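Student: For any residue, its number in our numbering is found by taking its place in the sequence shown, counting from 1, and adding 23.
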Amino acid sequence: MRMRRIRPACPPGYARLPILSVLAMLACLLATACNEDPAPSSGGGGGGASSGPPPVNVKTTTVQELAYAPAIELIGEMRPLQKVTLASELSGRIDSITARVGDNLSAGRALVQIDDSEYRARLAIAEANLNEAELALAEARSGSRPEDIAAQQAAVQQAEAGRDDAADRLARLEQLSAGNVVSESELVTARNALRESQAALEEEQRVLDRLLAGTRQEQVDSAAARVESARRAQELAALDVERCSIAADFDASVTMLLVEVGQYVNAGSPLAELVSSEPAEAWFSLPEQQRDVIGNGTAVELRADAIPDEVFLGTVAGISAAADPSTRQFPLRVTASEARLLPGMSVRARLLLTEPAPRLLFSQDAAYDSRMGQVVYRVAPSSGEDPPGFETIPVVLGERVDGLVVLEEGNLSAGDQLVTRGKESLFEGAKLRIQQQSPPGSGEAAK
Numbered sequence: 024m025r026m027r028r029i030r031p032a033c034p035p036g037y038a039r040l041p042i043l044s045v046l047a048m049l050a051c052l053l054a055t056a057c058n059e060d061p062a063p064s065s066g067g068g069g070g071g072a073s074s075g076p077p078p079v080n081v082k083t084t085t086v087q088e089l090a091y092a093p094a095i096e097l098i099g100e101m102r103p104l105q106k107v108t109l110a111s112e113l114s115g116r117i118d119s120i121t122a123r124v125g126d127n128l129s130a131g132r133a134l135v136q137i138d139d140s141e142y143r144a145r146l147a148i149a150e151a152n153l154n155e156a157e158l159a160l161a162e163a164r165s166g167s168r169p170e171d172i173a174a175q176q177a178a179v180q181q182a183e184a185g186r187d188d189a190a191d192r193l194a195r196l197e198q199l200s201a202g203n204v205v206s207e208s209e210l211v212t213a214r215n216a217l218r219e220s221q222a223a224l225e226e227e228q229r230v231l232d233r234l235l236a237g238t239r240q241e242q243v244d245s246a247a248a249r250v251e252s253a254r255r256a257q258e259l260a261a262l263d264v265e266r267c268s269i270a271a272d273f274d275a276s277v278t279m280l281l282v283e284v285g286q287y288v289n290a291g292s293p294l295a296e297l298v299s300s301e302p303a304e305a306w307f308s309l310p311e312q313q314r315d316v317i318g319n320g321t322a323v324e325l326r327a328d329a330i331p332d333e334v335f336l337g338t339v340a341g342i343s344a345a346a347d348p349s350t351r352q353f354p355l356r357v358t359a360s361e362a363r364l365l366p367g368m369s370v371r372a373r374l375l376l377t378e379p380a381p382r383l384l385f386s387q388d389a390a391y392d393s394r395m396g397q398v399v400y401r402v403a404p405s406s407g408e409d410p411p412g413f414e415t416i417p418v419v420l421g422e423r424v425d426g427l428v429v430l431e432e433g434n435l436s437a438g439d440q441l442v443t444r445g446k447e448s449l450f451e452g453a454k455l456r457i458q459q460q461s462p463p464g465s466g467e468a469a470k
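1) Which word fits methionine 479, buried or exposed, when buried means at least 16 other C-beta atoms lie within 10 angstroms of its C-beta?
2) Among the candidates Ser292, Ala184, Ile172, whose CA atom is the shortest distance from the CA of isoleucine 117?
3) Using the Cα positions of serine 245 and leucine 153, report the straight-line distance between them to the nearest angstrom.
4) Curious, which full-length beta strand (DSSP E) runs of at least 3 residues does the segment 289-328 contain?
5) What's the C-alpha gap between proline 247 and serine 360?
6) Quick test of your reading: threonine 83 and valine 442, contact by CB under 8 Å. State the CB separation rounded to the nearest angstrom.
7) Over the uninterrupted alpha helix (DSSP H) stretch that includes valine 250, give me the two end residues.
8) In or out: tyrosine 287 buried (at least 16 other Cβ within 10 Å) or exposed?
9) Is the Cβ-Cβ distance between leucine 259 and aspartate 171 less than 8 Å?
10) Run the CB neighbour count on valine 179, radius 10 Å, all protein chains shown included, and call it buried at 16 or more, exposed below.
11) For alanine 110, list the residues DSSP reports as bridge partners.
12) Just to confirm before moving on: does the CB-CB distance between proline 404 and lysine 454 stay below 8 Å?
13) Determine the contact status of valine 298 and leucine 128, defining contact as a CB-CB distance below 8 Å.
14) Determine the contact status of leucine 134 and cysteine 267, defining contact as a CB-CB distance below 8 Å.
15) If we ignore side chains and look at the alpha-carbon of each, how far apart do leucine 449 and glycine 421 end up?
16) Tell me whether glycine 341 is buried or exposed, calling it buried when 16 or more other Cβ atoms sit within 10 Å of its Cβ.
17) DSSP three-state call for aspartate 347: helix, strand or coil?
18) Starting from aspartate 191, trace the beta strand (DSSP E) both ways and give me its first and last residue.
19) Count the CB pairs spanning the segment 214-234 and the segment 134-150 that are closer than 8 Å, and state whether there are at least three.
Take a look at the structure:
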């Protein structure tokens, strides 16, 4: 069974009213348009009628003529001319610290002082030993004095008298022993006394003989050797006292302290880290393909992230004779006499390949990739109060430097205004409303 859709009934002519109303409105609009004058056409370079499309909001930049040179760009870091870790050469307690992190030290000024009381006591002992050895050497060189000889002769005579007394006593006891008046032990004692007195006499005689003969050369040499040994011991003791004061031998700045007052340190313990107060050097890695085009004395422009608005001039001071085996790049050193470039800062370098020459540069934001290649939109002159139009200029661009781009080819002149913002909204015949001018870039291409 087929179902039929039942439509609601409506008054006659109800469905025709909307169609008739629309036709009437179109007829009125057509009649109005026929009575108006046609609007003049607009072009990229001429003025437009006030009834045309509204101007496009844009921002612009100015073409500049700057000194520019092609260059190799590298990224590196600042390094101190000298960097050391001070260490203790002795064991002892930290007595004082004369500077803190960030302070400057002149060459030779002590930074850390170790308690030197024990080392000074050792020095005093060494000096006393040296004096004693020097006196002995002087005596050996001067020989025997007459009073010493006379005293020794008296000692020999006294020893002879003692020997004679011992001999007489032994003789009397031996006579008495024949009659069994003395014991055998008394005889033994007398004999021993005689032998001892005879030995004493011989020793005193040898001393007298030496005094009479004078000092031998080997004795003088031995005394001189003892003096030299004592002097070396005194020098080592004095050096230990000096080593209690730890200082750098160059003007430096303290970057880190590793000990505190009262702390006990051993020989070899690190105490502080210092860097040279002289201007730091910039270090880079030069690709091996560019090794032959760069040499000592090449001019360099340096830019630091910490000081973005300035360009610092430097020169290549040295290139390593051997490449880093892991990167195949040559360490390159650049000197720049600028105290604001501190060790550890990140820096960018432009190694100039030629002498700077005047070139046209503009903000890289002005370039636009179109179907016809890279182009820029130059603001066209305007007549009267009409908003300006624009011209499309094909360009060939070169190196980019700090937000600027070098013009290699293109019909542009210094002072031309180029659109940087709003390019995507432009169309043929559009007019421009310049809101503000964009900065040309972060800095000059070359100084």
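Using N, Cα and C, we set each Cβ at its ideal position, and we do this for glycine too. The model shown is predicted, which means the values in this text are computed figures rather than measured ones.
Tutor: According to the structure shown:
1) The question about residue 479 has no answer here: the residues shown for the chain are numbered 24 through 470.
2) As a position in the sequence shown, residue 117 is number 94, starting the count at 1. It is Ser292.
3) Locating residue 245 in the sequence shown gives position 222, where the first residue counts as 1. Locating residue 153 in the sequence shown gives position 130, where the first residue counts as 1. Straight-line Cα distance between these residues: approximately 14 Å.
4) Entirely contained in the segment 289-328, the beta strand (DSSP E) runs reaching 3 residues are, in chain order, 293-299, 304-310, 322-327.
5) To locate residue 247, count along the sequence shown from 1; it is residue 224. To locate residue 360, count along the sequence shown from 1; it is residue 337. Inspection of the sequence shows that residue 247 is occupied by alanine rather than by proline. Spanning the two alpha carbons is a distance of roughly 56 Å.
6) Residue 83 sits at position 60 when you count from the first residue of the sequence shown. Residue 442 sits at position 419 when you count from the first residue of the sequence shown. Confirmed, about 6 Å.
7) Start at 1 with the first residue of the sequence shown, and residue 250 comes out as number 227. Element bounds for valine 250: 240-266.
8) Residue mapping note: residue 287 aligns to position 264 of the sequence shown, counting from 1. Taking all protein chains shown into account, tyrosine 287 has fewer than 16 neighbouring C-beta atoms within 10 Å of its C-beta and is therefore exposed.
9) Stepping through the sequence shown from its first residue, residue 259 is reached at position 236. Stepping through the sequence shown from its first residue, residue 171 is reached at position 148. No, these two residues do not count as a Cβ contact at 8 Å.
10) Taking the sequence shown and counting its residues from 1, one reaches residue 179 at position 156. By the neighbour-count criterion, in which a residue is buried when 16 or more other Cβ atoms sit within 10 angstroms of its Cβ, valine 179 is buried.
11) To locate residue 110, count along the sequence shown from 1; it is residue 87. Pro293, per the DSSP bridge assignment.
12) Looking up residue 404 in the sequence shown gives position 381. Looking up residue 454 in the sequence shown gives position 431. No; because the gap between Cβ atoms is not below 8 Å, this pair is not in contact.
13) Working through the sequence shown from its first residue, we reach residue 298 at position 275. Working through the sequence shown from its first residue, we reach residue 128 at position 105. At a Cβ-Cβ threshold of 8 Å, valine 298 and leucine 128 do not count as neighbours.
14) As a first step, residue 134 is located in the sequence shown; it is residue number 111 there, counting from the start. As a first step, residue 267 is located in the sequence shown; it is residue number 244 there, counting from the start. Not in contact: leucine 134 and cysteine 267 (Cβ atoms no closer than 8 Å).
15) The count along the sequence shown starts at 1 and reaches residue 449 at position 426. The count along the sequence shown starts at 1 and reaches residue 421 at position 398. Taking the Cα positions, leucine 449 is about 25 Å away from glycine 421.
16) For the purposes of this step, residue 341 is taken as the residue at position 318 of the sequence shown. In summary, glycine 341 is exposed, with fewer than 16 beta-carbon neighbours lying within 10 Å of its beta-carbon over all protein chains present.
17) For the purposes of this step, residue 347 is taken as residue 324 along the sequence shown, with counting starting at 1. Residue state for aspartate 347 is assigned as strand, using DSSP reduced to three classes.
18) Along the sequence shown, one-based indexing puts residue 191 at 168. Counted as a single uninterrupted DSSP element, the stretch harbouring aspartate 191 is not any beta strand (DSSP E) but the alpha helix (DSSP H) occupying residues 169-200.
19) The segment 214-234 is not in contact with the segment 134-150.
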